[in-house]
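Contents: one structure, followed by commentary.
Numbering (my numbering), first residue to last: 33 to 384.
What follows is the structure, encoded as C-alpha cells:
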C-alpha cells in the first residue's frame, strides 16, 4: 500500500520540461535549449550545485517557474555508446610493416596535436582536424588506426559507415550527432570512420531514391559536425575507404580532411618486413629465404601475407611438426596465390 501511495504521489506531480544546457554564465544566467520551444535563459534551483552542471547536460525544468530543478542522465543510443572502445587492444607501430612513411605523417596530424597541443598554440598554427586513409583492401588501414589510438592514450570511437545507413528518416543524422557528443564528453578522442564511402558518396552521382536521400542527409549532418567542432576540443577524425574516387569533394576538402594518405600494397621490402612480423612467434626451419618469398608474392597485401603464414602453420600442424619448413610455404603459396606463383617459387628455388 505504501508503494502504491508513493506511485500515485509521483503521478500527481507536475510534469517537467526537458532541456539541454547550451552555455553557463552564472546561477541566474544559463542558456538552455528546449525543443521545440527554443532557447531560454534560466536560473537553477537551490538543490543543484552549479559545479556539477556542464554544457551539454540534460536537465529537468519546472513548467510553472521555468527553473532548473534536476540534472538528468545523458540520453544516448546504446548502439552509439557501444562504438566507444573502453579497452583499446595492444597494438604498437612495431606491429605494422612497410608503412613507415605513412605512420610518420599520421603522427604529425593526429598524435602530435593530442599529446602536445601547446606547440600549435605557441606557433599560432591551427590544428589539423582529420586524415583520410585510402587504398586497396587488406593493406592495414584499420590496423594503423588501432595503433594510433593505442599510442595517443585517448578515447577511441570506431564507426562503420554502414552502421549510419538507417531505414528511418533522420536516424543516421541523429547517430552522427551523438557520436560527436560522446567524443566531446570524452575528449581527447579519435573518431575512426571505416567504410566512409557508404555515406560519403558524390551527391552528383547518387540517384534520387528515398534511401539515397537519407544517405545524403546523413552526410550533410557529418559535414555540419566537421565544421562545427573547434580545433582545441582535442577531437581528431580518422577516415578510411577503399574507394576515394566515389567520395564527395565537399567531404574531403581541406579544413575538414586536412591530409589524404595512400596506404598501398607493400613493396618487396615491406612484404619482407610484414613476413618477419608474422613469423616472430613461429618456429621456422633454418635456411628459409624470406627475401625470395617476398619477391615472388608481388602484389600481395598485408592481409594476404598474414593468411600465407597461417596456411603454412596449418600445413605444419597437419604433418605433426612444431616448426615451419620450405614445404609448408610451398603449400601456402599454392593455396593463397595459385599455381602460377608456386611454379615461380619452385623455379627460383632449384635453378638460382
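No residue lacks a Cβ here, since even glycine has one placed at the ideal position from N, Cα and C. The model shown is predicted, which means the values in this text are computed figures rather than measured ones.
Cβ atoms of residue j and residue i: under 7 Å apart, would you say?
i           : j           : result
residue 166 : residue 294 : yes
residue 21  : residue 82  : An answer regarding residue 21 cannot be provided, because it is not within the stretch 33 to 384 covered by the chain.
residue 227 : residue 184 : no
residue 268 : residue 142 : yes
residue 302 : residue 162 : no
residue 250 : residue 202 : no
residue 278 : residue 229 : yes
residue 231 : residue 116 : no
residue 306 : residue 334 : yes
residue 84  : residue 73  : no
residue 317 : residue 355 : yes
residue 218 : residue 187 : yes
residue 270 : residue 177 : yes
residue 46  : residue 75  : no
residue 280 : residue 160 : no
Along the chain, where does the alpha helix (DSSP H) that runs through residue i open and close?
i           : result
residue 51  : Not the alpha helix (DSSP H): residue 51 falls in the beta strand (DSSP E), residues 48 to 58.
residue 210 : 203 to 217
residue 304 : 300 to 310
residue 358 : 358 to 369
residue 279 : Premise fails: residue 279 is in no alpha helix (DSSP H) and is neither H nor E.
residue 66  : Residue 66 -> not in any alpha helix (DSSP H); beta strand (DSSP E) instead, spanning 61 to 66.
residue 132 : 132 to 138
For residue i, which of helix, strand or coil comes out of DSSP?
i           : result
residue 382 : Legend: pLDDT at residue 382 = 44, less than 50; position of this residue unreliable, value from coordinates given subsequently. Three-state result, residue 382: helix.
residue 153 : helix
residue 242 : Residue confidence is low: residue 242 scores 47 on pLDDT, short of 50, so the model does not pin down where it sits. Its coordinate-derived value is still stated next. Residue state, collapsed to three classes: helix.
residue 329 : coil
residue 294 : strand
residue 104 : strand
residue 120 : coil
residue 34  : helix
residue 255 : helix
residue 250 : helix
residue 39  : helix
residue 97  : coil
residue 324 : helix
residue 115 : coil
What residue does the beta strand (DSSP E) around residue i start on, and which one ends it?
i           : result
residue 90  : 90 to 94
residue 345 : Segment 334 to 350 is the alpha helix (DSSP H) holding residue 345; no beta strand (DSSP E) there.
residue 226 : 221 to 226
residue 73  : 70 to 76
residue 144 : That residue, residue 144, is in no beta strand (DSSP E); its alpha helix (DSSP H) goes 144 to 147.
Would you say the beta carbon of residue i is closer than 6 Å to some non-hydrogen atom of the ligand FAD?
i           : result
residue 344 : With respect to small molecules bound, the structure shown includes none, and the ligand FAD cannot be examined in it.
On a CA-only basis, which of the options is nearest residue i? Give me that one, please.
i           : options            : result
residue 224 : 234, 235, 211, 324 : 211
residue 385 : 259, 197, 79, 143  : Beyond the ends of the chain as shown, which are 33 and 384, falls residue 385; an answer cannot be given.
residue 133 : 146, 296, 174, 106 : 296
residue 97  : 324, 37, 77        : 77
residue 198 : 248, 180, 190      : 248
residue 182 : 221, 331, 33, 309  : 221
residue 51  : 71, 348, 304       : 71
residue 55  : 89, 80, 68, 41     : 89
residue 321 : 312, 338, 358      : 358
residue 288 : 344, 252, 298      : 252
Tell me, please, whether the CB atom of residue i is closer than 7 Å to any CB atom in chain C?
i           : result
residue 303 : In the displayed structure, chain C is absent; only one protein chain is listed.
Output the residue ranges of the beta strand (DSSP E) runs that lie fully inside the stretch 160 to 197 and measure 3 residues or longer, sorted by chain position. Listed in chain order, the beta strand (DSSP E) elements of length 3 or more contained wholly in the stretch 160 to 197 are 162 to 166, 187 to 192.
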